[in-house]
Amino acid sequence: MIFILIIILALFLANIPWLSNNLFIFFPQNKNKAVSFILIEIIVYYFCVGFFATLLEKQVIGNVHSQDWEFYAVTFFLFLVFSFPGFIYKVIWK
359 MIFILIIILA
369 LFLANIPWLS
379 NNLFIFFPQN
389 KNKAVSFILI
399 EIIVYYFCVG
409 FFATLLEKQV
419 IGNVHSQDWE
429 FYAVTFFLFL
439 VFSFPGFIYK
449 VIWK
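Under the numbering used here, residue 452 is the last one in the sequence shown; the count climbs by one each step, no gaps.
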């Protein structure tokens with residue numbers, strides 16, 4: 359159940375930059391955001407999901423397993439794949 363929660367959170371946070379014109383959800387913008395701001399938001403949200411997953415791992419298992427760079431590369435690109443529906447909605451459908 360916890361793994362499903364992490365995946366749903368990742369899907370939600372990966373699409374928020376594409377679906378909202380607010381910067382980091384809280385700061386409204388007068389015009390559309392630039393792609394550079396969207397990519398910065400995606401990177402920040404990736405680290406937020408990773409921090410949340412690390413906290414859950416510490417609570418459930420009791421310790422945090424160390425990972426190599428391959429793990430972080432794969433999970434970052436998976437996070438980018440999760441943001442694809444928001445990209446399609448904002449760039450292609452509008």
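From the three backbone atoms N, C-alpha and C, an ideal C-beta is built for every residue, glycine too.
Return the Cβ separation of residue i and residue j in integer angstroms, given the expectation that the two are a contact with Cβ distance under 8 Å.
i: LEU381; j: PHE395; result: 6 Å
i: ALA372; j: PHE437; result: 5 Å
i: ILE374; j: ILE383; result: 6 Å
For residue i, does the three-state DSSP call read helix, strand or coil?
i: VAL384; result: In the sequence on display, residue 384 carries Phe and not Val. Three-state DSSP puts PHE384 in coil, outside helix and strand.
i: VAL407; result: helix
Could you tell me whether the Cβ atoms of residue i and residue j are closer together than 8 Å?
i: THR412; j: VAL422; result: yes
i: LEU414; j: ILE360; result: yes
i: TRP376; j: PHE435; result: no
i: VAL407; j: LEU367; result: yes
Quick check: the Cα distance between residue i and residue j, rounded to an integer number of angstroms?
i: LYS452; j: VAL418; result: 42 Å
i: LYS379; j: LYS416; result: Checking the displayed sequence, the identity of residue 379 turns out to be Asn instead of Lys. Spanning the two alpha carbons is a distance of roughly 34 Å.
i: TRP427; j: PHE442; result: 23 Å
Could you check whether the Cβ of residue i sits closer than 8 Å to any Cβ belonging to chain C?
i: ILE362; result: Considering every chain present, this structure includes no chain C. It has just one protein chain.
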